[in-house]
Every structure is written in structure tokens, then in C-alpha cells.
Amino acid sequence: MHHEGYDQDVDSESSLEDDGIQISEECPICLDTLEDAIALLPCNHVFDILCFRHWIKARLPQNIACPLCRSSVLKLLLNRGKEDEKEVLLSEILTDEELAATRRVTFVDQTSINQVAETLRWQEAQWRRLDARGALSVTYEPIEYMSIIAPFEDGIAVVSRRLSLNVTQLGIRTDSTLRRWLKIDYYKPKFTSKFRDLQSKASYSSRPAMHRARQEIADLQEEYSEALKWPNMRNMRWVYQQPEQYLAFGDRGVRKITLSKKARATETPRALQLSSGKTSISIKWTTRLTERGPTRPDGDPVTFGRETPQILRIRKKVKFATEQIRSALEWFRDNNADDRFSRINRVTTNILEPAPQEVVQCRHCPARHIPGHCPEQWSLDFP
1 MHHEGYDQDV DSESSLEDDG IQISEECPIC LDTLEDAIAL LPCNHVFDIL CFRHWIKARL
61 PQNIACPLCR SSVLKLLLNR GKEDEKEVLL SEILTDEELA ATRRVTFVDQ TSINQVAETL
121 RWQEAQWRRL DARGALSVTY EPIEYMSIIA PFEDGIAVVS RRLSLNVTQL GIRTDSTLRR
181 WLKIDYYKPK FTSKFRDLQS KASYSSRPAM HRARQEIADL QEEYSEALKW PNMRNMRWVY
241 QQPEQYLAFG DRGVRKITLS KKARATETPR ALQLSSGKTS ISIKWTTRLT ERGPTRPDGD
301 PVTFGRETPQ ILRIRKKVKF ATEQIRSALE WFRDNNADDR FSRINRVTTN ILEPAPQEVV
361 QCRHCPARHI PGHCPEQWSL DFP
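Okay, so the sequence shown: first residue is 1 according to full-length UniProt numbering, each after it adds one.
Here is the structure:
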């Protein structure tokens, strides 16, 4: 590579070789033929001076090393064997403008690098601490909530709901499993002590909750009746288990989400109807969320370059599942005297957000939780 402004000097090249300096016919950086404008490093490797200037500019303010042997370079020799031969520091072969531009760019880059490095060090320390802690499991046993007895058609309906939650943390992984049960027992009018007892406890004020429970059953029937060709649900015995949905997901620390639904309906055999005349319908929902931290809050920027319809659907399911588990945890915290939620490590899960100050007294149930996250409201929004 010939650079204008420099004259060839064959004698100087010969003198370099005589001194045992490792000079080749090509610059190791640009691979063009070496001319007279060369830089000699302390390790005796020789480069074209303009190539080495670019090498320095691209790496300052980091330590500069020889491109060939990686030995540290603090200064170099210019114009070896000539009258103007001189030893200079690396910064002296760059112009003031080049140095200023390099400092401006590299300061921002170095700041970002330092921030990333600090985050990685913090994450590594958290992982080591979590790994050393071993497994942690917080379990909230099934508890009944929002149970009602209400008049329905010409009989009485008993609606019961149960909720359970388990959070298991092992190292940087958090598995949360939320289970919900809805059961409706419908009793036809019978002249029995049991029916009269239920009739005395029935409350007309519970009809909105009864309507919601019936709407869940109707939604389930509408969702699956065409595929399974179910007749009237009251007049048969059936069992259905929805195939488990497995969604692998890598956004905000979420690694996996599974959703499943089971439903069962039974009608008391005709031979026993004289004593009870009871029909039972039950649904069980299971939501599992696997996070592998460190996680990021829901509002953080997404990590995908393209927002495909599939990604949007998955993200919606993940957000909904996180909100369900989060609000269930709030509900259990408010209804358990001996609560152990504080043992859950925030680093590897998002179910502890948002902040507690957003928790308010609910208008629909006795619990205090995030506005709009009432367990009674989930059923009609199951994804």
C-alpha cells in the first residue's frame, strides 16, 4: 500500500532486517505491500503507519496490544534508520481532532460497557446467593371464597369456589402454579329437610354472583359443544379435559407458560332423585408460569424485533397469567395470618409486582388487592 508523501528507502528496510526485526513484505493489518511509512513496535513487529493509526483509534482508551502477538504497546518507533527517527507515545501519532472524537465516542461506549458489566456482576452475585439457598416452596392450601346459595329457576343453587397457589423457587428459576375450582350444585324442588334448609339460606342478593357462575358454564358449553357435540349439559354425565397449552416464551424472563382446563358434570341417577334431585357441574383451571431470572417488569421494552400475531397472542397470555397469579398472591396475603410470601425472592419473579401501595379494598370481595384483579372477575376472561 503506497501512501503519498513518503519516499521509498530500500536501505532502511535492509537495516531493519539486519537488526533482526520481524519485517515482512506485507502489512499484517491491510495485507498490502509495506512501503516506507512504517511503525516499529517494541515487540519488533512492523506495520504500515496509517493502518496502525486506525488500529489505535478503534481501541482507545482501552489498552493497545500488538495485533500479532498481543503484547502491550505504550509507544512505538517511527522512521527507523532515518534522520527524523523518533520514539513516540501512542497518542502522539493521532491528531488532536482524532483524539477528541475518540474520547467522545469511547466515553459513551465505555459508560455503557461499565453499566452492563455492573449489571452482570450484580446478577452473578444474585445467582450465586440463590443457588446457595437451595429450594424454597410457599404453598397456600385450597381455600373457599365467594360461596353463595341462591334461588335458581324453580330450585336452589349452591355455588362454591376454591383457590390454591404454590410458588417454588430453585436457584434462578421460579415456578408458580395457580389452581381454581368452580362447582355448582343445583337442587330441584323436593320436600326434604335438606332442600328446606337450603331454601332458608338462599339469598336473592346473591343472584349476580349466581349469574356469573352460570355464565361461566354457558361459556364453557359454547366453547366446546360444537366440537364435542354435547347435548344439554343437565341431562347427561360428561367429563372433559382441555389439552394443556404449552407456550415457550423468552420475554421478560418468562420461559414457559401452561394453561389447562377440566370440566365435569353429573346428574343424580333417577333412582336417587326422590331424596336429592341434585345436578353437579364443576370446572377446574390450572395456570403454570415458569420464570428463569433475572426478570424484568411488565412495562419494560420488549426484546423482539418483530411483533408477529403469534408473539402478541403469547405475550397477552403471559401477561394475563402473571396478573392472575399476582392477584391470587395478594388475596392469600390478605387472608392468611401466618403468611410466608416474604420468603419469595423478587429477583427471579414478576408476581410480586406492582408495588403494595396500589393495593386497595375490593368492592366485589372481602380482600384487598390490585384494582381490577379480583378473583371473582377472572372467570370470564380466561384466555
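C-beta: ideal position from N, C-alpha, C; glycine also.
Bear in mind the structure is a predicted one, so any value in this text is a computation, not a measurement.
Cβ-based burial, residue i [other Cβ within 10 Å; buried from 16]
| i | result |
| --- | --- |
| H45 | buried |
| L34 | buried |
| R270 | Note that R270 scores a pLDDT of 45, beneath 50, so its modelled location is shaky; the value from the coordinates is reported in the next line. Exposed, since its Cβ has fewer than 16 Cβ neighbours within 10 Å. |
| C66 | buried |
| C69 | exposed |
Inter-residue Cα distance where the pair is residue i and residue j
| i | j | result |
| --- | --- | --- |
| R173 | S137 | 12 Å |
| T348 | A321 | 16 Å |
| V167 | I283 | 22 Å |
| N336 | I344 | 16 Å |
| K256 | E291 | 7 Å |
| S71 | D131 | 39 Å |
| E153 | K261 | 28 Å |
| T287 | T177 | 6 Å |
| L289 | A263 | 21 Å |
| Q199 | E216 | 24 Å |
| P208 | R133 | 47 Å |
| D219 | R212 | 10 Å |
| P309 | N350 | 24 Å |
| D338 | W331 | 13 Å |
| K319 | I64 | 48 Å |
| S203 | M210 | 10 Å |
| R196 | D334 | 35 Å |
| K317 | F341 | 24 Å |
| D84 | F47 | 18 Å |
| K57 | L50 | 11 Å |
| K183 | T192 | 22 Å |
| L74 | Q169 | 50 Å |
Residues of its chain near residue i, where Cβ-Cβ distance is below 7 Å and the 5 sequence neighbours each way are ignored
| i | result |
| --- | --- |
| S164 | Y140, E141, P142 and R179 |
| G155 | Y186, Y187, K188 and P189 |
Range covered by the beta strand (DSSP E) that runs through residue i
| i | result |
| --- | --- |
| D175 | R173 to Y187 |
| F341 | First-last for F341: undefined, no H or E at that position. |
| L34 | Here L34 belongs to no beta strand (DSSP E), and DSSP marks it neither H nor E. |
| P151 | A135 to F152 |
| K75 | K75 to L78 |
| K86 | K86 to L89 |
Cutoff 8 Å; reference residue i; Cβ partners in own chain excluding five residues on either side
| i | result |
| --- | --- |
| R129 | none |
| L76 | A39, L40, L41, P42, F52, E87, V88, L90 and I93 |
| P28 | H45, F47, P67 and L68 |
| L312 | none |
Residues near residue i in its chain [Cβ-Cβ closer than 6 Å; skip 5 each side]
| i | result |
| --- | --- |
| L206 | As written in the sequence, residue 206 is Ser, which differs from the Leu given in the question. Here the set comprises I148 and A150. |
| W181 | R162 and K284 |
| K194 | none |
| R104 | Residue placement at R104 cannot be trusted, given a pLDDT of 48 that sits under 50; what the coordinates show is reported in the next sentence. For R104, where only same-chain residues beyond five positions count, there are no Cβ hits under 6 Å. |
| R326 | I351 |
| K201 | I149 |
| N79 | E85 |
Residue i Cβ short of 7 Å to the ligand ZN heavy atom set
| i | result |
| --- | --- |
| A202 | Summarising the ligand content, the structure contains no ligands, and the ligand ZN is consequently not present. |
Minimum C-alpha distance to residue i - residue among the options
| i | options | result |
| --- | --- | --- |
| A135 | I29, G155, E144 and G171 | G171 |
| T279 | C27, A157 and L74 | A157 |
| Y145 | L77, A328 and F52 | A328 |
| R214 | E323, A202, V159 and T33 | V159 |
| H54 | I184, R340, C30 and R326 | C30 |
| R346 | L68, D175 and L78 | D175 |
Residue range of the alpha helix (DSSP H) that includes residue i
| i | result |
| --- | --- |
| L198 | S193 to K201 |
| R288 | It is not in any alpha helix (DSSP H) - R288 instead sits in the beta strand (DSSP E) that spans K278 to R292. |
| R161 | From DSSP, R161 is part of no alpha helix (DSSP H) but of the beta strand (DSSP E) over G155 to L170. |
| I49 | I49 to K57 |
Min CB distance residue i to chain B below 8 Å
| i | result |
| --- | --- |
| Q324 | No chain B appears in the structure shown, which is made up of a single protein chain. |
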